[in-house]
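To keep things clear, I will list the structure first and then write my remarks on it.
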Amino acid sequence: MELFFKYLQYEKRFSPHTLLSYQTDLQQFQEYLKEVYELENVNEVTHDIIRSWVVALVQKDLDSRTIHRKIASLRSYFRFQVKQGVVETNPTLRIKAPKLAKKLPAFIPEDDFTKLLDKIEFTDDLKGQREVVILELLYGTGMRLAELTGIQLSDVNLAAKTLKVLGKGNKERILPLNGSLQLALAKYIQLRTAAFPNNNSTFLLVTDKGAPLYPKFVYRVVKKYISMVSTSAKNSPHVLRHSFATHLLNRGADLGAIKDLLGHASLAATQVYTHNSIEKLKAVFEKAHPKA
């Protein structure tokens, strides 16, 4: 199993977050084998054992997406074991996952987020401007949380109005900076340099002590400000990514361009945002068309 995780990390280049999910899923499956079947070796499992595990997950009322991910983790593991010649066949091949409930991406209405950035007064010190940059980067570029915390100072090109980010699978992409984001970054970098003149950290976003920013820090900032303009229970950094894509699509942006900005591997992943736009089109039609 250790060899499998090294394969995911170094060959497949999975993110630390995804790698941890796979490790957790396989560890839980191992525990299930020991507890229910008194099996120590994962490679001894059969199709029926895996099917019973899936049934047990469903009975726990786990979210269907979580169950899909756990099955995918196991399927990937056994595919690797077949490739290595450890097992002859993949026992997950005939496993059917429960149907996924269709969920539209949660997003903040455009007017609400504009109100947040325009009307809330952020302090002019490092703390206040860091919060501005966090919100502006997430909403202004649609980047992921891991991409945000990984930005290096050298990745920012204010003269060219661009920003380089390292996405999933270590794929780099260049993102454009809008005017307000460019100004926010320039102001923050100036304050950061003045506050930590001898800091050797290469990361753009740092804590009050000059250490690289961590995910929970970003979560707290985003939750604090989204709750000011939205009553939605969903207020994670990813909601700003969804809002970025939905607002672009609502304003007529090309789906292929949005795909490239988000760093999606395929257009299928981006097409989920069209559902939100279609709902908006229906509302406009029903309000404006004489036959509606």
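Quick note on our numbering: the sequence shown kicks off at 9 and runs consecutively.
The beta carbon of each residue, even a glycine, is placed where N, CA and C say it ideally should be.
Keep in mind the model is a prediction, meaning the values are calculated, not measured.
Does the separation of the CB atoms of residue i and residue j fall below 7 Å?
| i | j | result |
| --- | --- | --- |
| Ile266 | Leu256 | yes |
| Gly148 | Leu189 | yes |
| Arg21 | Gly177 | yes |
| Val229 | Glu155 | no |
| Gln38 | Leu27 | no |
| Lys172 | Ile182 | yes |
| Leu269 | Ala203 | no |
| Leu248 | Thr157 | no |
| Leu161 | Pro245 | no |
| Ser81 | Tyr30 | yes |
| Gly187 | Gly271 | no |
| Asn243 | Ser251 | no |
| Pro223 | Leu153 | yes |
Applying the criterion that 16 or more other CB atoms from any shown protein chain within 10 Å of the CB defines a buried residue, is residue i buried or exposed?
| i | result |
| --- | --- |
| Ile58 | buried |
| Ile116 | buried |
| Ala194 | exposed |
| Lys91 | exposed |
| Ala261 | exposed |
| Ala253 | buried |
| Lys78 | buried |
| Glu144 | buried |
| Leu11 | exposed |
| Ile142 | buried |
| Pro298 | exposed |
| Arg259 | exposed |
| Ile128 | exposed |
| Pro99 | buried |
| Asp132 | exposed |
| Gln35 | exposed |
| Asp318 | The question about residue 318 has no answer, for the chain in this structure spans 9 to 300. |
| Gly150 | buried |
| Ala192 | buried |
| Gln67 | exposed |
| Asp33 | buried |
| Gln279 | exposed |
| Val4 | The displayed coordinates of the chain run from 9 to 300. Any statement about residue 4 would go beyond what the structure contains. |
| Leu108 | exposed |
| Val237 | buried |
| Leu185 | buried |
| Leu65 | buried |
Taking residue i as part of the beta strand (DSSP E), name the residues at either end of that continuous run.
| i | result |
| --- | --- |
| Arg59 | From DSSP, Arg59 is part of no beta strand (DSSP E) but of the alpha helix (DSSP H) over His55 to Gln67. |
| Thr157 | Segment Leu153 to Thr157 is the alpha helix (DSSP H) holding Thr157; no beta strand (DSSP E) there. |
| Glu43 | Per DSSP, Glu43 belongs to no beta strand (DSSP E) and is neither H nor E. |
| Ile182 | Glu180 to Pro184 |
| Lys172 | Thr170 to Leu174 |
Any beta carbon from chain D within less than 7 Å of residue i's own beta carbon?
| i | result |
| --- | --- |
| Val66 | No chain D is part of this structure, which consists of one protein chain only. |
Which stretch, first to last residue, makes up the alpha helix (DSSP H) that contains residue i?
| i | result |
| --- | --- |
| Leu263 | Leu263 to Leu270 |
| Leu82 | Ser72 to Gln92 |
| Phe22 | No alpha helix (DSSP H) holds Phe22; DSSP gives it neither H nor E. |
| Ser251 | Pro245 to Asn258 |
| Lys14 | Glu10 to Lys14 |
| Leu161 | Counting along the chain, Leu161 falls outside any alpha helix (DSSP H), and DSSP gives it neither H nor E. |
| Ala276 | Leu275 to Thr278 |
Any contact of the segment 44 to 54 with the segment 193 to 212, i.e. 3+ C-beta pairs under 8 Å?
Taking 8 Å as the limit for Cβ pairs, the verdict is that the segment 193 to 212 does not touch the segment 44 to 54.
Can you check the segment 187 to 231 for any alpha helix (DSSP H) of at least 4 residues that lies completely inside it and give the ranges in chain order?
187 to 203
Which full runs of the alpha helix (DSSP H) of 4+ residues lie inside the segment 108 to 150, going along the chain?
Listed in chain order, the complete alpha helix (DSSP H) runs (minimum 4 residues) inside the segment 108 to 150 are 118 to 127 and 134 to 149.
For the 8 Å Cβ check, are there 3 or more pairs between the segment 118 to 130 and the segment 98 to 109?
no
Is there contact between the segment 198 to 205 and the segment 76 to 85, where contact requires at least three CB pairs shorter than 8 Å?
These segments do not touch.
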